[in-house]
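Protein chains in written order, with the UniProt record's numbering: chain L, 1 to 336; chain C, 1 to 336.
All C-beta atoms in this analysis are idealised placements derived from N, C-alpha and C, irrespective of residue type, glycine included.
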């Protein structure tokens, strides 16, 4: 590949790694605590300047303290333009206040002051391996980081999920950065930390930060293809029309089969009296977030995605000169 | 075996099946709801008298509604003699009030009016299969039911756990009945229902009720041996002395290995910085409740048990005449 086909992108000077956005998703909670401890030790030892500033954030300390997903409302749905900028009443939920604090710390969302990259750490009860979840299927930074992790961690099943939502409507903490993604790892019960899941997250974060350092120091990353799973729709549990209680669980033939193609007519649910409910869609799709604990209240038993092959270009960091030219209004290869 | 070696025990006229004692352990919640629905249908169809009265109980409706283990305090620790009979203040936790209601409904604990058998349904995040947990290693009723389930469900790993606690100090709902045990099934994340775990519980309860009907109608159950795991001690996570936060997770080599003998020197924990912490006990013991979600706050990372082989005698129900004789104070083979 020729050098002139390389897309030049701005330097990633400030990266945020966030845990505890959901207070009972414990890998991120304990990993950020551990990284804070290690950072303290390193700082005590040497005064060297890091080539990238890494902010470690514990997003929802009150929910962490209670080991619950949230206290008043789901923090990771509070980062829409409307919620961040709407009027504040006296009875505003704790998480809405906390969302504005985090937006002030890591954003403001959509502004030039926002951190360059947010990696928000999550766990799921679904058998999803390690997933990147992002709002873009053409954010070359996120896609290149994903590809780097895939290569560095070949034993961990890894997928890139795309939620096709506009920047204004995007609701999660990672949407506050210039680039951002959730790193979602499972299966792990909420309120529990499993060593293998914790270690996968730790290694994943280390490779992510390594990639940022390589990128900032001028490494050219070759282009190629990435499989992207774009969310198409959610499916709710069968429910009792009066009580709204669920009347079935995920079918044993579907449970734990995240990202295995679901065909029309395949078993979807098993009712509590023993009958099978089948998938009535007309198109085979990829199920994910199968039986995620926190989604019972959101009316989601599983989500379905379409897979596509995305070509990503080679990239490298924009040099100081290119940066200046860009700031003075000269043509640049890439718009931010 | 000779007929005169058969131990005669009183009829089991009233049996309680309880779910939702912990509001986020969903197999029991949905199973009891389903049994209540089925019971309603059967009652509508026929007027036949059941040979055993089965009470279906949803123990902690408030916690169920919030999908939490409990609202104020752990209901399943409220059934000690002291808690049930102590003074009541104005600020008494919800679960203490509910415990008295349940004791009035199914007990009073220790009295002749108490139901004959309580089966309380639980889930665990630990890989424990189906366990009976009881306060006695010589309750022939519980042990025979356990043996019946073992034979009827050969594909489900099944163990009998004994907590050596006096009747007065026994704290769980099942201690309210004349006989009682918790049926604990895992692994299942709290707040999630997995179809395979739900079905194992449903089939287990059906076999338990079948056994009671057989017993009441005069079937002789042959004696034999049962492996009983008697709890010896709990082990807590390594913790930070200042924050009291855990500093390690269950070691990957121990995770999911419930009831696999743990030897001195075996890996126990992996710290969040990557070191291995080993088991320092002097005696090999059987670990269980490894990484149970609800026990982080109780300071229990796992429990350890000693296994023994218990001989249980043949049993049959005491006939009407024997019952009368017993009530008039004549000698009987067995004391209750």
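Review point. So the alpha helix (DSSP H) residue 212 of chain L belongs to, where does it begin and stop?
Key: Counting along the chain, the alpha helix (DSSP H) containing residue 212 of chain L begins and ends at 195-216.
Review point. If you check the beta carbons only, do residue 11 of chain C and residue 291 of chain C fall under 7 angstroms apart?
Key: Not closer than 7 angstroms, so no.
Review point. Would you call the stretch 283-300 of chain C and the stretch 186-200 of chain L in contact, with 3 or more CB pairs under 8 angstroms?
Key: The answer is yes - the stretch 186-200 of chain L touches the stretch 283-300 of chain C, with three or more Cβ pairs under 8 angstroms.
Review point. Interface residues of chain L around residue 30 of chain C at Cβ under 7 angstroms?
Key: The contacting residues are 272.
Practice item. Note down, in chain order, all residues in the stretch 306-320 of chain L with a beta-carbon under 7 angstroms from any beta-carbon belonging to chain C. Key: Result list empty, no residue passes.
Review point. Are there 16 or more other CB atoms within 10 angstroms of the CB of residue 184 of chain C, so buried, or fewer, so exposed?
Key: Result: buried.
Exercise for review: Drop a sphere of 10 angstroms on the beta-carbon of residue 27 of chain L, count the other beta-carbons inside from all chains shown, and report buried for 16 or more, exposed for fewer.
Suggested key: Counting the other Cβ atoms within 10 Å of the Cβ of residue 27 of chain L gives 16 or more, which makes it buried.
**Study point:** Members of the stretch 179-201 of chain L that neighbour chain C once the beta carbon cut-off is set at 7 angstroms
**Key:** For the stretch 179-201 of chain L, the set of positions with a beta-carbon nearer than 7 angstroms to some beta-carbon of chain C reads 189, 190, 191, 192, 193, 194, 195, 196, 198 in chain order.
**Study point:** Cβ-based burial, residue 42 of chain L [other Cβ within 10 Å; buried from 16]
**Key:** Residue environment analysis places residue 42 of chain L among the exposed positions, since fewer than 16 neighbouring C-beta atoms fall within 10 angstroms of its C-beta.
Check your understanding: Cβ atoms of residue 154 of chain L and residue 129 of chain L: under 7 angstroms apart, would you say?
Key -> No, these two residues do not count as a Cβ contact at 7 angstroms.
Check your understanding: Closest by CA to residue 120 of chain C, which one among C:39, C:83, C:182, C:239?
Key -> Per the Cα distances, C:182.
Exercise for review: Have a look at residue 74 of chain C and residue 236 of chain C and give me their C-alpha separation to the nearest angstrom.
Suggested key: One C-alpha to the other measures close to 19 angstroms.
Exercise for review: Examine the ligand NAD and report whether any of its heavy atoms sits within less than 6 angstroms of the Cβ of residue 304 of chain L.
Suggested key: Here there are no bound small molecules, and the ligand NAD is not part of this structure.
Check your understanding: Of all the beta strand (DSSP E) runs that stay within the bounds of the stretch 123-196 of chain L, which reach a length of 3 or more residues?
Key -> As far as the stretch 123-196 of chain L is concerned, its whole beta strand (DSSP E) runs of at least 3 residues are 129-134, 158-162, 179-186.
Review point. Comparing the C-beta of residue 293 of chain C with each C-beta of chain L, is any distance below 7 angstroms?
Key: Output row for residue 293 of chain C: interface = yes.
Check your understanding: Counting Cβ pairs closer than 8 angstroms, one from the stretch 200-216 of chain L and one from the stretch 52-69 of chain L, do we hit at least three?
Key -> Taking a contact to require three or more Cβ pairs closer than 8 angstroms, the stretch 200-216 of chain L and the stretch 52-69 of chain L qualify as touching.
Review point. For residue 197 of chain L, which residues from the same chain have a beta carbon less than 6 angstroms from its beta carbon, with the 5 sequence-adjacent residues on both sides left out?
Key: Cβ neighbours of residue 197 of chain L beyond the five flanking positions: 27, 185, 188.
Check your understanding: Shorter than 7 angstroms from the beta carbon of residue 125 of chain L to some beta carbon of chain C?
Key -> It does: the Cβ of residue 125 of chain L has a partner Cβ on chain C nearer than 7 angstroms.
Exercise for review: For residue 251 of chain L, go through chain C and note every residue whose CB falls closer than 7 angstroms to its CB, in chain order.
Suggested key: Proximity of chain C to residue 251 of chain L at the Cβ level (cut-off 7 angstroms) is accounted for by 195, in chain order.
Review point. Is the beta carbon of residue 6 of chain L sitting closer than 7 angstroms to the one on residue 239 of chain L?
Key: Going by beta carbons, residue 6 of chain L and residue 239 of chain L fall outside the 7 angstroms limit.
Check your understanding: Going along the chain, which residues of the stretch 56-70 of chain L sit with their C-beta nearer than 9 angstroms to a C-beta in chain C?
Key -> Going along the stretch 56-70 of chain L in chain order, one finds 67, 68 with a Cβ nearer than 9 angstroms to chain C.
Check your understanding: For the candidate residues L:306, L:243, L:280, whose alpha-carbon lies nearest to that of residue 260 of chain L?
Key -> Answer by Cα proximity: L:306.
Review point. Can you list the residues of chain C that residue 33 of chain L reaches, using a CB-CB cut of under 8 angstroms?
Key: 245, 272, listed in chain order.
Point to revise | 9 angstroms Cβ cut-off: residues of chain C touching residue 206 of chain L | key: The premise fails here: residue 206 of chain L is roughly 12 angstroms from chain C at the closest Cβ pair, so nothing lies under 9 angstroms.
Check your understanding: Which class does residue 318 of chain L belong to by DSSP, given the choice of helix, strand or coil?
Key -> If DSSP states are grouped into helix, strand and coil, residue 318 of chain L belongs with coil.
Practice item. Taking only the alpha-carbon atoms, compute the straight-line gap between residue 230 of chain C and residue 179 of chain C and give it to the nearest angstrom. Key: If I take the Cα positions, the gap works out to 18 angstroms.
**Study point:** Cβ shell of residue 96 of chain C (< 6 angstroms), same chain only, five flanking positions each side left out
**Key:** Same-chain partners within the cutoff: 78.
Exercise for review: Let me know the secondary structure DSSP gives residue 97 of chain C once reduced to three states.
Suggested key: Residue 97 of chain C falls in the helix class under three-state DSSP.
Point to revise | Closer than 7 angstroms to chain C by CB, residue 18 of chain L | key: No - not a single Cβ of chain C is within 7 angstroms of the one on residue 18 of chain L.
**Study point:** Alpha-carbon to alpha-carbon, residue 9 of chain L and residue 333 of chain L
**Key:** Note that residue 333 of chain L scores a pLDDT of 46, beneath 50, so its modelled location is shaky; the value from the coordinates is reported in the next line. Distance between residue 333 of chain L and residue 9 of chain L, taken at the CA atoms: about 9 angstroms.
Point to revise | Amino acids of chain C, ordered along the chain, whose beta-carbon sits closer than 7 angstroms to that of residue 152 of chain L | key: The premise fails here: residue 152 of chain L is roughly 18 angstroms from chain C at the closest Cβ pair, so nothing lies under 7 angstroms.
Review point. Which residues mark the beginning and the end of the alpha helix (DSSP H) in which residue 81 of chain L is found?
Key: For residue 81 of chain L, the enclosing alpha helix (DSSP H) has its first and last residue at 81-85.
Point to revise | 8 angstroms contact criterion, which residue 208 of chain L and residue 149 of chain L should meet: CB distance rounded | key: With 8 angstroms as the limit, residue 208 of chain L and residue 149 of chain L qualify as a contact, their Cβ atoms being about 7 angstroms apart.
Check your understanding: In three-state DSSP terms, what is residue 30 of chain L?
Key -> Here residue 30 of chain L sits in helix by DSSP.
Review point. Can you tell me the Cα-Cα spacing of residue 174 of chain C and residue 161 of chain C, whole angstroms?
Key: Approximately 14 angstroms, taken between the alpha carbons.
Review point. Helix, strand or coil for residue 61 of chain C per DSSP?
Key: Residue 61 of chain C carries a helical assignment under DSSP once its states are collapsed to helix, strand and coil.
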